[in-house]
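Mapped onto mature numbering (1 follows the signal peptide of the UniProt record, and there is no 0), the consecutive letters of the sequence shown carry residue numbers -25 to -1, 1 to 178. Down below is the structure, laid out as structure tokens.
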Amino acid sequence: MLVSRRALLMGSVSLALVPSFAVQAADISKEARELIETLGVQAIGTINDDKLGEIDRREKFTKLLVDGFDIPAIARFCLGRYWRGASDEQKAAYQSAFQQMIVAVYATRFREYRGVAFSVVNSRNEGDDHAIVTSSLQPPTSSQAAKIEWRVLRPQGKVKVVDVIVEGVSMSLTQQQDFAAAMQSNGGDLDRFIAELKKRAAA
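Have a look at this one:
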């Protein structure tokens, strides 16, 4: 059987593309690991810097979270089905309130990690543009380290954290359940819920 010149050309192109796709899939775990190592070093440094005031410390945490986390995607996931019914104005207000709340929560929570030793244990691919990075937090006063996993995606060519899993518990899923309960208790009033998020951020 004769094979057309066009078919041979297309086959050659297809074969040439296979290695590049394989490299792309392999690279995500390396990029993800580097991201978490950088975030960990910067976060611990910010926590332990006694020269920083509370305002400066929060500003640094804000930059860390905005640069390293896909906050818009996390916010949409946490709001669940209520996102679809929101107006553009409500979505914008919610995204802003969510970011303020997340920064406040993590800035407060990270104070508990003064003096801890942070290390990345491993990083593995979960598919194209998707990786899980496992890290360890070793408190100075305990022999038992905490296991933290970071779900990292590369949706637009840049790796970002979309979930933090602490000892097997997804923070994004937990937050989604918390938000769903709050929305159900207030009758699905998103404006009221956004106001509540702002209060949490200011607390």
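Ideal placement from N, C-alpha and C gives every residue a C-beta, glycine not left out. No experiment lies behind these values; they were computed from the predicted model shown.
> Using the rule of at least 16 other Cβ atoms within 10 Å of the residue's Cβ for burial, across every protein chain shown, is Thr116 buried or exposed?
Replying inline: Within the sequence shown, residue 116 is the residue found at index 141, counting from 1. Thr116 is exposed by the Cβ-count criterion.
> With Gly159 and Cys53 assumed to form a contact (beta carbons below 8 angstroms), what rounded beta-carbon distance in angstroms separates them?
Replying inline: In the sequence shown, residue 159 corresponds to position 184, counting from 1. In the sequence shown, residue 53 corresponds to position 78, counting from 1. A small correction: the amino acid at residue 159 is Gln; Gly does not occupy that position in the sequence shown. Their Cβ separation, rounded to whole angstroms, is 14 angstroms, which puts Gln159 and Cys53 out of contact at 8 angstroms.
> Is Asp103 helix, strand or coil by DSSP?
Replying inline: For this step, residue 103 is matched to residue 128 along the sequence shown. Correct three-state label for Asp103: coil.
>> Can you give me the C-alpha to C-alpha distance between Ser(-6) and Gln75, rounded to a whole angstrom?
In response: The sequence position of residue -6 within the sequence shown is 20, counting from 1. The sequence position of residue 75 within the sequence shown is 100, counting from 1. For Ser(-6), the predicted structure reports a pLDDT of 39, less than 50, and the residue's modelled location is therefore unreliable. The matter cannot be settled from this model.
>> Here's the rule I'm using: 16 or more other beta-carbon atoms within 10 Å means buried, otherwise exposed. How should Thr13 be labelled?
In response: Within the sequence shown, numbered from 1, the residue matching residue 13 stands at position 38. With fewer than 16 other Cβ atoms within 10 Å, it is exposed.
> Going by C-alpha distance, which of Arg99, Arg129 and Ala79 is nearest Ser4?
Replying inline: Position 29 of the sequence shown, counted from the start, is the residue given in the question as residue 4. Closest by alpha carbon: Arg99.
>> Taking the alpha carbon of Leu10 as the reference point, which residue from Leu40, Gln65 and Lys35 has its own alpha carbon closest?
In response: In the sequence shown, the residue the question calls residue 10 occupies position 35. Closest by alpha carbon: Leu40.
>> Which same chain residues end up closer than 6 angstroms to Thr37 when comparing Cβ atoms and leaving out the 5 residues on each side of it in sequence?
In response: Position 62 of the sequence shown holds residue 37. Taken in chain order, the residues that qualify are Val78.
> In angstroms, rounded to a whole number, what distance separates the CA positions of Leu128 and Ile46?
Replying inline: Within the sequence shown, the letter at position 153 stands for residue 128. Within the sequence shown, the letter at position 71 stands for residue 46. Rounded to whole angstroms, the separation of the alpha carbons of Ile46 and Leu128 is 12 angstroms.
> With respect to the beta strand (DSSP E) encompassing Val136, which residues constitute its N-terminal and C-terminal limits?
Replying inline: Taking the first residue of the sequence shown as position 1, residue 136 is located at position 161. Looking at the DSSP string, the run of the beta strand (DSSP E) that includes Val136 is Lys135 to Val141.
>> Judging by CA-CA distance, which residue of Ala18, Lys66 and Ile169 is the nearest neighbour of Leu85?
In response: Position 110 of the sequence shown, counted from the start, is the residue given in the question as residue 85. The question names Leu, but residue 85 is Phe in the sequence shown. Here the closest residue by C-alpha is Ala18.
> Would you call the stretch 126 to 144 and the stretch 101 to 109 touching, i.e. three or more CB-CB distances under 8 angstroms?
Replying inline: The stretch 126 to 144 is in contact with the stretch 101 to 109.
>> On the criterion of 16 or more Cβ atoms from any shown chain inside 10 Å, does Ile30 qualify as buried, or is it exposed?
In response: Translated into the one-based positions of the sequence shown, residue 30 becomes position 55. Ile30 is exposed by the Cβ-count criterion.
>> Tell me the residue span of the beta strand (DSSP E) that contains Arg126.
In response: Residue 126 sits at position 151 when you count from the first residue of the sequence shown. That run of the beta strand (DSSP E) goes Ala121 to Leu128.
>> Starting from Tyr88, trace the alpha helix (DSSP H) in both directions and tell me its first and last residue.
In response: Here residue 88 is taken as the residue at index 113 of the sequence shown, counted from 1. Counting along the chain, Tyr88 falls outside any alpha helix (DSSP H), and DSSP gives it neither H nor E.
>> Need the endpoints of the alpha helix (DSSP H) that Leu148 sits in, please.
In response: Counting from 1 along the sequence shown, the entry for residue 148 is found at position 173. Element bounds for Leu148: Met146 to Ser160.
>> Taking only three categories from DSSP, how would you classify Gln131?
In response: Here residue 131 is taken as the residue at index 156 of the sequence shown, counted from 1. Here Gln131 sits in coil by DSSP.
> In whole angstroms, what is the alpha-carbon distance linking Leu112 and Gly15?
Replying inline: The residue labelled residue 112 in the question sits at position 137 within the sequence shown. The residue labelled residue 15 in the question sits at position 40 within the sequence shown. Going from the Cα of Leu112 to the Cα of Gly15 covers about 10 angstroms.
> Taking the alpha-carbon positions, what's the Asp164 to Ile140 distance?
Replying inline: Indexing the sequence shown from 1 puts residue 164 at position 189. Indexing the sequence shown from 1 puts residue 140 at position 165. Roughly 29 angstroms separates the two Cα atoms.
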